[in-house]
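Have a look at the structure below before the remarks.
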């Protein structure tokens, strides 16, 4: 693991009109980071720091409850997503939260503020996602609002409150290396850290920065951009003697949406498409099959499954 870190970008020029130089400089940094390894951090992103702190505090309170209390909030039987408390992974536990108003959401009744705070946080994350999506749109040189018009349905977004258990002597991995299948992921983590990003064949530790959100490009943006922007490869490493708490928010896309390289970045400029089209639902099925019952141990389903070989 190397000691260099990912860039931190101040998003205030995109919130306040007039600072065109600030926007230009920020876009240059974001474009470079996205084209090389798909990760950066942002500050002045619009998510209230007090709300982030309160959400983190409430998650720690909840995860400290006895198991029998936490099991009162398990997902509903037959739900399409595991919304609620999950403890199936020996390395971590989580509360999975879908878009507010989703019928199968299950929130802990204790601590009492949990649902209110998480739903408020969810709403701010959506706004942050729309802002970053707009910036990525402009970084790719697309006409205004192309990505916004393409990806206007927010029903598939979700958030998780994670508690990673301390590392053991034989296993310090909290989440194996992977790329996210969605559009853009936001993460805020406690001061224990543990998130690492793959860059230039090295693992870079993403050092926690107060009030910052980590942003990583997902597979959907990699395909839409025709490989101009990279889906970030990352993992979570646990620390001996210390728990890790984090909140990832997945700014996603409707599962029935047809995904292929955008025409503005392919045929309209004479560039061949590097991926064949697919629905996000079909891609999700492939990834789940890999996770639960791979047909061959060496078989791995990731976004390269749809790559057009040349």
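In my numbering, the protein residues as written are -16 to 293.
Backbone N, C-alpha and C define an ideal beta-carbon position, used for all residues, glycine too.
Of the candidates 210, 102, 234, 234 places its Cα closest to the Cα of residue 197. The Cβ atoms of residue 26 and residue 194 lie closer than 8 Å to each other. Excluding the 5 residues flanking it on each side, residue 123 has same chain C-beta neighbours closer than 6 Å at 208, in chain order. Residues of the same chain with a CB within less than 6 Å of the CB of residue 28, apart from the 5 flanking positions on each side, are -6, 111, 196 in chain order.
Taking the CA atoms as reference points, residue 187 sits about 6 Å from residue -12. In the structure shown, the three-state DSSP call for residue 162 is coil. When rounded, the separation of the alpha-carbon atoms in residue 139 and residue 128 is 20 Å. The alpha carbon of residue 182 has as its nearest neighbour, out of 167, 176, 191, 199, the alpha carbon of 199. Taking C-alpha positions only, residue 204 is separated from residue 115 by approximately 12 Å. Listed in chain order, the non-local C-beta contacts of residue 216 below 8 Å within the same chain comprise 20, 21, 160, 161, 162, 180, 181, local neighbours out to five positions each way being set aside. Within the segment 123 to 165, the complete beta strand (DSSP E) segments at least 3 residues long are 141 to 147, 156 to 161, listed from N- to C-terminus.
A direct Cα-Cα distance of roughly 34 Å separates residue 191 from residue 126. For the pair residue 177 and residue 157, the CB atoms are nearer than the 8 Å cut-off. Taking a 10 Å sphere around the C-beta of residue 248, we find 16 or more other C-beta atoms and assign the residue as buried. At a Cβ-Cβ threshold of 8 Å, residue 146 and residue 228 count as neighbours. Around the Cβ of residue 82, a 10 Å sphere holds 16 or more other Cβ atoms; the residue is buried. Residue 264 sits exposed, since fewer than 16 C-beta atoms from the chains shown fall within 10 Å of its C-beta.
Contact check for residue 32 against residue 96 fails: the beta carbons are separated by 8 Å or more.
In the DSSP assignment, residue 291 forms no beta bridge with any residue. Approximately 12 Å separates the beta-carbon atoms of residue 270 and residue 261; this is outside 8 Å, ruling out the contact. When DSSP states are grouped into helix, strand and coil, residue 196 belongs to the strand group. The secondary-structure analysis by DSSP pairs residue 218 across a beta bridge with 179.
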